[in-house]
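Read the structure below first, then the notes.
Residue numbers (the UniProt record's numbering): 1 to 318.
This is the structure in structure tokens:
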């Protein structure tokens, strides 16, 4: 808690997680360090949080395993799940404070080894509160090795009035690696009569393959911007989202997505394909609608690229 004083707080830990999953791994599995924990004594509550989370995934014993994890501050993961027949590892990313305040910094790094399949999501929306102590920063770096698949599917991000959010995502693919990720943004809290009238959003997404850029996008949106109401901008809607797939795909992948989404997506959903990158966009009044459309698109892309249906994380149903 932020109000604690004089407490011994666990600020970082590095763990070989193989025992946590109850797996008996072959001798060739990577040898990882023992648990090491550092503790820092705070004499006063910190003005902001600096949290880090780093995860390593690799195939072992017929499944993808969370082989190692390192965290600093309030970013942790629960026990991994394997609900799919091919052993895809599902992991829930937890941020116990419940929101990101001014001056907070979240730094997440994911490494997916050759042949591994990992899916990461969050149990609830990420909230960026009014920034009273500088901008709030979220950095995400994803490294996906040749032949691996990474699916990063967080729930929506809510920007409170007065938030100053800087969100940067960098995805580095090798060889025939595949990545799918989405972001859904909600401006203010319309149900409570709150608009995003003050503050700023800066978002940057970069995807590279073998060091060569294959997708780059940057968004800058000041609170109260005329673009939020303009027809060439958000057209008065409070929610928008982008879904990116990068990986091996058939030439008609975009058409398959359109066919899957068309019944509910007219006017608020679009899809385009540039070589091995498919980009889906949503614009509308509700994050739940955007998420439902993205799940349909994800299902179509999974069927086209991996020969299997989407497997929504169980946490989404709670």
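Don't be surprised by glycine CBs; every beta carbon is placed ideally from N, CA and C.
Using the beta-carbon count (16 or more within 10 Å), is residue i buried or exposed?
i: residue 236; result: exposed
i: residue 262; result: exposed
i: residue 301; result: buried
i: residue 220; result: exposed
i: residue 298; result: buried
i: residue 247; result: buried
i: residue 62; result: exposed
i: residue 160; result: buried
i: residue 269; result: buried
i: residue 59; result: buried
i: residue 342; result: This structure cannot speak to residue 342, because the chain is shown only from 1 to 318.
i: residue 250; result: exposed
i: residue 74; result: buried
i: residue 242; result: buried
i: residue 318; result: exposed
Put residue i into one of helix, strand or coil per three-state DSSP.
i: residue 255; result: helix
i: residue 168; result: strand
i: residue 271; result: strand
i: residue 289; result: helix
i: residue 213; result: strand
i: residue 231; result: coil
i: residue 116; result: coil
i: residue 79; result: coil
i: residue 143; result: strand
i: residue 225; result: coil
i: residue 299; result: helix
Straight-line CA distance for residue i to residue j?
i: residue 105; j: residue 76; result: 14 Å
i: residue 224; j: residue 197; result: 4 Å
i: residue 240; j: residue 292; result: 13 Å
i: residue 150; j: residue 179; result: 5 Å
i: residue 182; j: residue 205; result: 11 Å
i: residue 170; j: residue 273; result: 20 Å
i: residue 187; j: residue 222; result: 11 Å
i: residue 259; j: residue 218; result: 28 Å
i: residue 102; j: residue 163; result: 7 Å
Is any non-hydrogen atom of the ligand ATP found closer than 7 Å to the C-beta of residue i, if you look at the structure I gave you?
i: residue 67; result: As for the ligand ATP, it is missing from this structure, which has no ligand bound.
Could you please give the first and the last residue of the uninterrupted beta strand (DSSP E) stretch that includes residue i?
i: residue 159; result: 157-159
i: residue 51; result: 50-60
i: residue 185; result: 178-187
i: residue 359; result: Lying before the first or after the last residue shown, residue 359 is absent from the chain, which here runs from 1 to 318.
i: residue 278; result: 277-284
i: residue 244; result: 239-246
i: residue 127; result: 126-128
i: residue 94; result: 89-94
i: residue 334; result: Any property of residue 334 remains undetermined from this structure, which presents the chain solely from 1 to 318.
(message) Quick check: the region 141-158 against the region 125-133, are at least 3 beta-carbon pairs closer than 8 Å?
(response) Touching, yes, given that three or more Cβ pairs across the two stretches are closer than 8 Å.
(request) Report yes or no: do three or more beta-carbon pairs, one from the region 107-119 and one from the region 134-143, lie closer than 8 Å? (result) yes
(request) Could you tell me whether the region 184-192 touches the region 309-316, using the rule of 3 or more Cβ pairs below 8 Å? (result) No, the region 184-192 does not touch the region 309-316.
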